[in-house]
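If you read the sequence shown in the numbering used here, its first letter stands for residue 7, the second for the next number, and so on.
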Amino acid sequence: MSLFDTVKDDDILEELKNVDLSNMTPIDALNKLYELQNKIKNRW
């Protein structure tokens, strides 16, 4: 893992922290989860 991987992790974690689940529909929440999961998978 390089320094750049850590930066990418921080970006994904920050995005996850900023998700407002209280104001999302269930499908929007699932779509956001899918998006974040793909970002992590595509990193490697």
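Ideal Cβ placement from N, Cα and C applies to all residues, glycine included.
Problem set entry | From Asn48, Leu42, Leu36, residue whose alpha carbon lies closest to that of Glu20 | Distance from the Cα of Glu20 is smallest, within the candidate group Asn48, Leu42, Leu36, for Leu42.
Exercise. Thinking C-beta only, is Lys45 closer than 8 Å to Val25?
Worked result: No; because the gap between Cβ atoms is not below 8 Å, this pair is not in contact.
For this session: Identify whether Asn37 lies in helix, strand or coil by the three-state DSSP scheme.
Result: Helix.
Problem set entry | Rounded C-alpha distance that separates Asp16 from Arg49 | Asp16 and Arg49: Cα-Cα distance of roughly 13 Å.
Exercise. By Cβ distance below 8 Å, which residues in the same chain neighbour Leu36 in space, the five residues on each side in sequence not counted?
Worked result: Nothing meets the Cβ criterion.
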